[in-house]
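Take a look at the structure:
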């Protein structure tokens, strides 16, 4: 029996070693007469996998990307692509050279996504200390100007967040920051502001998980506490996990910290264990979509991104009181599923300002839809059933409204057909904004649109179990 077990274990180990591809010393940038390199691990033959970028620490003055190699393998074995990179060090290279290098690595990986099996719209960053600082800024900068390259989540292990209060930065931390800035801090106020992650927090920023030691003297936890206070004000999803009795390093309840890390990346990057049935970034037109009114929809290309725009009122007429503007994804008949969509409202602010997601679609008079409305009432911001009669709100729980701040947001529907469970998420993928139980339609097509407003849609991902109409 023992021999059989050892043989099985050996074969499994060999399989894993063969399955994980390791590309080392991949050149991503040439600058200052040197080549900057990254290492990447991924499952051989896999496609459209989420990517975790690992950024090492070292006070912006040292460290090496190989520090993440062992963790990269674990990440890759869990179904992600993992990459770690080098960047130029201070004092030879001053700020913002380090951030420019990290951003260049991100752009390189997006450009070469197909080569390494990466889903370019599901990328997160993970860093420790100076690497945590760079991970934060990679997620927070730039804003809409680089919207096609934004991150989905950031894990920050004890990275500094606030440099503007220079009198509070002393000792080794002050020495390293002076080297980074290239001189006395009192003369670098503008650079210090730009390099402070807390300065860049905004409503549509990616979620942030921070883990920080309560006894960290090099980078006191107060900086992370201030960051998360600003995130709460701006309604940016995230969590601060204090690592008790821990200095500048990893400690505390490690099991809980690792669980938080794993769940965070799953919820914001991986999304589902089911098969990825469809992905749509609208860079190849709209042939996969069936709009109720084709004249109301168009492809827009802006800032390196293509998206599907519902730009006009629809002339489509419904038989029962229900949404007018719908575009259904062809061949999307599913039972259990997870649907992720990027979306932004382009209409002026008013109470019923909305965008909608559709599922369980049988025909024009039989389907479900999620109405993401600014203010909740009997006809807005709920899960609705259209069953050959005017739509009816069926949500068991829901929020008071959907915050349509300017910019892109992320929405998700999670459906379990057998139990009837329906969960809806908006930006925060760890806490649903609407829930219900209903089994009226246990399969059907999915789609996007609005009741009667305008908006943009992109980065659509559908995981699920294929179903056929009965």
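Numbering (this note's numbering), first residue to last: 141 to 610.
No residue lacks a Cβ here, since even glycine has one placed at the ideal position from N, Cα and C.
Item to complete: Mind reading off the beta-carbon distance from residue 566 to residue 542? Whole number of angstroms is fine, and I expect it under 8 Å.
Response: For the purposes of this step, residue 566 is taken as residue 426 along the chain shown, with counting starting at 1. For the purposes of this step, residue 542 is taken as residue 402 along the chain shown, with counting starting at 1. Indeed, because the Cβ distance is near 6 Å, the residues count as touching under 8 Å.
Item to complete: Ignore the nearest five residues each way along the sequence and tell me which others in residue 370's own chain have a CB closer than 7 Å to its CB.
Response: The residue you call residue 370 lines up with position 230 of the chain shown. Excluding positions up to five away in sequence, the list reads 338, 341.
Worksheet item: Near residue 297, what residues of its chain come up, given a Cβ to Cβ distance below 6 Å and the 5 sequence neighbours on each side ignored?
Response: Mapped onto the chain shown, residue 297 falls at position 157. So the qualifying residues of the chain are 268, 272, 351.
Worksheet item: Per DSSP, what kind of secondary structure is residue 533 in: helix, strand or coil?
Response: Here residue 533 is taken as the residue at index 393 of the chain shown, counted from 1. DSSP, reduced to helix, strand and coil, places residue 533 within a strand of the structure shown.
Worksheet item: Should the stretch 248–261 be regarded as contacting the stretch 183–201, the criterion being three or more beta carbon pairs within less than 8 Å?
Response: yes
Worksheet item: Using CA coordinates, which residue listed in 589, 213, 208 is at the minimum distance from residue 434?
Response: Indexing the chain shown from 1 puts residue 434 at position 294. Closest option to residue 434, judged by alpha-carbon separation, among 589, 213, 208: 589.
Discussion item. Considering Cα atoms alone, identify which of 194, 303, 232 is closest to residue 249.
Written reply: For the purposes of this step, residue 249 is taken as residue 109 along the chain shown, with counting starting at 1. Of 194, 303, 232, the residue nearest in Cα terms is 194.
Worksheet item: Sorted by chain position, which residues of the same chain lie with C-beta nearer than 6 Å to residue 234's C-beta, five sequence neighbours on each side aside?
Response: To locate residue 234, count along the chain shown from 1; it is residue 94. Around residue 234: 322.
Practice prompt. Thinking residue 215 and residue 192 are a contact (beta carbons under 8 Å), I'd like their distance in whole angstroms, please.
Written response: The residue you call residue 215 lines up with position 75 of the chain shown. The residue you call residue 192 lines up with position 52 of the chain shown. With 8 Å as the limit, residue 215 and residue 192 qualify as a contact, their Cβ atoms being about 5 Å apart.
Practice prompt. Verify whether the separation of the beta carbon atoms of residue 270 and residue 202 is less than 7 Å.
Written response: Locating residue 270 in the chain shown gives position 130, where the first residue counts as 1. Locating residue 202 in the chain shown gives position 62, where the first residue counts as 1. Taking 7 Å as the Cβ cut-off, residue 270 and residue 202 do not qualify as a contacting pair.
Worksheet item: Are the CB atoms of residue 498 and residue 555 nearer to each other than 7 Å?
Response: Here residue 498 corresponds to residue number 358 of the chain shown, with the count starting at 1. Here residue 555 corresponds to residue number 415 of the chain shown, with the count starting at 1. For residue 498 and residue 555, no; Cβs fall outside 7 Å.
Fill in: Closest Cα partner of residue 196 within the set 424, 295, 524, 487
In the chain shown, counting from the first residue as 1, residue 196 sits at position 56. Ranking 424, 295, 524, 487 by Cα distance to residue 196 puts 295 first.
Worksheet item: To the nearest whole angstrom, what separates the beta carbons of residue 484 and residue 548, a pair I think is in contact under 8 Å?
Response: Residue mapping note: residue 484 aligns to position 344 of the chain shown, counting from 1. Residue mapping note: residue 548 aligns to position 408 of the chain shown, counting from 1. At roughly 5 Å, the Cβ-Cβ gap stays under 8 Å, so residue 484 and residue 548 are in contact.
Worksheet item: In whole angstroms, what separates the C-alpha of residue 382 from that of residue 391?
Response: Counted from its first residue, the chain shown places residue 382 at position 242. Counted from its first residue, the chain shown places residue 391 at position 251. The alpha-carbon atoms of residue 382 and residue 391 are separated by roughly 10 Å.
Fill in: Pick from 480, 346, 344 that is closest to residue 411, judged by C-alpha positions
Start at 1 with the first residue of the chain shown, and residue 411 comes out as number 271. Residue 411 has its Cα closest to that of 480, out of 480, 346, 344.
Fill in: First through last residue of the alpha helix (DSSP H) which encompasses residue 275
Locating residue 275 in the chain shown gives position 135, where the first residue counts as 1. Start and end: 270–280.
Worksheet item: In angstroms, rounded to a whole number, what distance separates the CA positions of residue 320 and residue 204?
Response: The residue given as residue 320 occupies position 180 in the chain shown. The residue given as residue 204 occupies position 64 in the chain shown. Each residue's alpha carbon lies about 17 Å from the other.
Worksheet entry | residue 503, enclosing beta strand (DSSP E) - first and last residue | Reading the chain shown from its first residue, position 363 is the one you call residue 503. That run of the beta strand (DSSP E) goes 494–503.
Worksheet entry | Closest residue to residue 224 among 217, 238, 208, 218 (Cα-Cα distance) | Position 84 of the chain shown, counting from 1, holds the residue named residue 224. Nearest of 217, 238, 208, 218 to residue 224, Cα basis: 208.
Discussion item. As an exercise, report each continuous beta strand (DSSP E) stretch of at least 3 residues that is fully enclosed by the stretch 439–490, in chain order.
Written reply: 445–450, 465–469, 474–485
Item to complete: Run the CB neighbour count on residue 142, radius 10 Å, all protein chains shown included, and call it buried at 16 or more, exposed below.
Response: Reading the chain shown from its first residue, position 2 is the one you call residue 142. Any reading at residue 142 needs caution, since the residue's pLDDT is 49, under 50, leaving its predicted position unreliable; the model's value is listed next. Exposed, because fewer than 16 other Cβ atoms sit within 10 Å of the Cβ of residue 142.
Worksheet entry | Inter-residue Cα distance where the pair is residue 357 and residue 531 | As a first step, residue 357 must be located in the chain shown, where it is residue number 217. As a first step, residue 531 must be located in the chain shown, where it is residue number 391. Whole-angstrom Cα-Cα distance: 58 Å.
Worksheet entry | Beta bridge counterpart(s) of residue 350 as assigned by DSSP | Walking along the chain shown from the start, residue 350 turns up at place 210. Note: residue 350 sits in a beta bridge opposite 296, 380.
Practice prompt. Please go through the same chain and pick out, in chain order, the residues whose beta-carbon is closer than 8 Å to the beta-carbon of residue 493, but skip the five residues on each side of it.
Written response: Residue 493 sits at position 353 when you count from the first residue of the chain shown. Within the same chain, residue 493 has close Cβ partners 485, 487, 513, 514, 544, 593.
Worksheet item: Shortest alpha-carbon distance to residue 405 belongs to which of 210, 378, 605, 601?
Response: Stepping through the chain shown from its first residue, residue 405 is reached at position 265. Measuring from the Cα of residue 405, the nearest candidate turns out to be 378.
Discussion item. Once DSSP output is grouped into helix, strand and coil, what is the label at residue 595?
Written reply: Position 455 of the chain shown, counted from the first residue, corresponds to residue 595. Residue state for residue 595 is assigned as strand, using DSSP reduced to three classes.
Discussion item. According to DSSP, simplified to helix, strand and coil, what is residue 211?
Written reply: Counted from its first residue, the chain shown places residue 211 at position 71. In the structure shown, residue 211 sits in a helix (DSSP, three-state: H, G or I).
Worksheet item: Secondary structure at residue 237, three-state DSSP: helix, strand or coil?
Response: Numbered from its first residue, the chain shown carries residue 237 at position 97. Helix at residue 237.
Discussion item. Please return the same chain residues whose Cβ sits closer than 7 Å to the Cβ of residue 251, not counting the five positions on each side in sequence.
Written reply: On the chain shown, position 111 is the one that residue 251 refers to. Closer than 7 Å at the Cβ level, and outside the excluded window around residue 251, lies no residue.
Worksheet item: Helix or strand or just coil, what does DSSP make of residue 188?
Response: Numbered from 1 along the chain shown, position 48 holds the residue referred to as residue 188. In the structure shown, residue 188 sits in coil (DSSP, three-state: anything other than H, G, I, E or B).
Practice prompt. Report the rounded CA-to-CA distance for residue 275 versus residue 562, giving the unit in angstroms.
Written response: Numbered from 1 along the chain shown, position 135 holds the residue referred to as residue 275. Numbered from 1 along the chain shown, position 422 holds the residue referred to as residue 562. Answer to the nearest angstrom: the Cα atoms are 34 Å apart.
Worksheet item: In the structure shown, what three-state DSSP assignment does residue 290 receive?
Response: Taking the chain shown and counting its residues from 1, one reaches residue 290 at position 150. Coil at residue 290, not helix or strand.
Practice prompt. Report all residues from its chain with a CB closer than 8 Å to the CB of residue 309; omit the five preceding and five following residues, and keep chain order.
Written response: Translated into positions along the chain shown, residue 309 becomes position 169. Contacts found: 303, 317, 325.
Practice prompt. Give me the Cα-Cα distance between residue 460 and residue 470, rounded to the nearest whole angstrom.
Written response: The residue labelled residue 460 in the question sits at position 320 within the chain shown. The residue labelled residue 470 in the question sits at position 330 within the chain shown. Distance between the alpha carbons of residue 460 and residue 470: 23 Å.
Fill in: Classification of residue 601 by the beta-carbon crowding that lies within 10 angstroms, buried from 16 upward
If you number the chain shown from 1, residue 601 lands on position 461. Residue 601 should be labelled buried.
Item to complete: Take residue 328 and list the residues in its own chain whose beta-carbon comes closer than 7 Å to its own, dropping the five residues that flank it on each side.
Response: Counted from its first residue, the chain shown places residue 328 at position 188. Same-chain partners within the cutoff: 321.
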